Amino acid sequence: MSGERHEVIVRRAEQADIEGLVACGSALFAEDAGTRDPGVDINWPREHGPRRFSSGLADPNRLLLVADRGDGEVVGYLTGTLLEPSAAPMPSVSTSATASHPSR
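So that you can map any letter, position 77 of the sequence shown is 77 in full-length UniProt numbering, and since no number is skipped, the others follow by simple counting.
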């Protein structure tokens, strides 16, 4: 670790961020699921990510945030979805999808 500090800006994602979101999602699949579960299609983010992230931008029940270095380059993301109430028991722990760009 170099000790070098970089400013990161967290903001709502926009259409121009789709390519960076897909790159981060692809890196997450390859690093996490791809190394632990041989049944996971690590190409899923590249094939379906652009459509899924784009639809998330327009969904009022979904929050999609990106982290960028201040120059518009996406280096990470976080997404969450607001769901309708359900009679199903809720887990005591909630998880969110996060990813960071592999070259950072």
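Glycine is no exception: its CB is placed at the ideal position from the N, C-alpha and C atoms.
Note that the structure is predicted; figures quoted are calculated from it, not measured.
If you reduce the DSSP assignment to three classes, tell me which class residue i lands in.
i, result
"Leu78", "strand"
"Ile42", "coil"
"Leu83", "coil"
"Ala67", "strand"
"Val10", "strand"
"Arg5", "coil"
"Ala23", "helix"
"Asp17", "helix"
"Glu47", "helix"
Can the beta-carbon of residue i be found closer than 8 angstroms to that of residue j?
i, j, result
"Ala67", "Val22", "no"
"Glu4", "Leu57", "no"
"Ser26", "Arg52", "no"
Near residue i, what residues of its chain come up, given a Cβ to Cβ distance below 7 angstroms and the 5 sequence neighbours on each side ignored?
i, result
"Gly70", "Glu7, Ile9"
Tell me which residues share the same chain as residue i and place their Cβ nearer than 6 angstroms to its Cβ, disregarding the 5 neighbours each side in the sequence.
i, result
"Leu63", "Gly80"
"Arg104", "Note that Arg104 has pLDDT 49, beneath the 50 cutoff, so the model's placement of it is unreliable and the number below is only indicative. If we look at Arg104 and ignore the five residues flanking it on each side, its Cβ neighbours are Val75."
"Phe29", "Ile42, Pro45"
Kindly identify the DSSP beta-bridge partner or partners of residue i.
i, result
"Arg62", "Thr81"
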